[in-house]
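Working notes, beginning with the structure itself.
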Amino acid sequence: MRSTITARGQTVVPAQIRRRFKLTPAQRLEWVIEADGIRVIPVCEDPVRAFRGQGKGGATARLLATRKLDRAHE
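Position 47 (the sequence shown) corresponds to 47 in the UniProt record's numbering; numbering is contiguous.
Encoded structure:
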């Protein structure tokens, strides 16, 4: 896919790419210069959402168990 850069430095992200990566209006993009070209990365505005689902799970249960042990040792 190709797009053209305007005199003001603007370009259009092709519709197929916007749909595939669920890009929305006003979403920010990060441009990364690499040895063999440029990489464009969508930036997640909500850092919490970006990390959601990345952990092992069960964090709440582990926290409550640790607190229970701490209270027992007091």
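Cβ coordinates follow ideal geometry from the N, Cα and C atoms, glycine included.
Predicted, not measured: the structure shown is a model, and the values here were computed from it.
Local conformation of isoleucine 17 per DSSP, three classes: In this structure, isoleucine 17 counts as helix in the three-state DSSP scheme.
Every unbroken alpha helix (DSSP H) inside the UniProt domain "SpoVT-AbrB" (3-48) [4 residues or more]: 15-20
Assumed close pair proline 42, glutamine 54 - CB separation to whole angstroms, cut-off 8 Å: With 8 Å as the limit, proline 42 and glutamine 54 do not qualify as a contact, their Cβ atoms being about 17 Å apart.
Three-way DSSP call (helix, strand, coil) for lysine 56 in this model: coil
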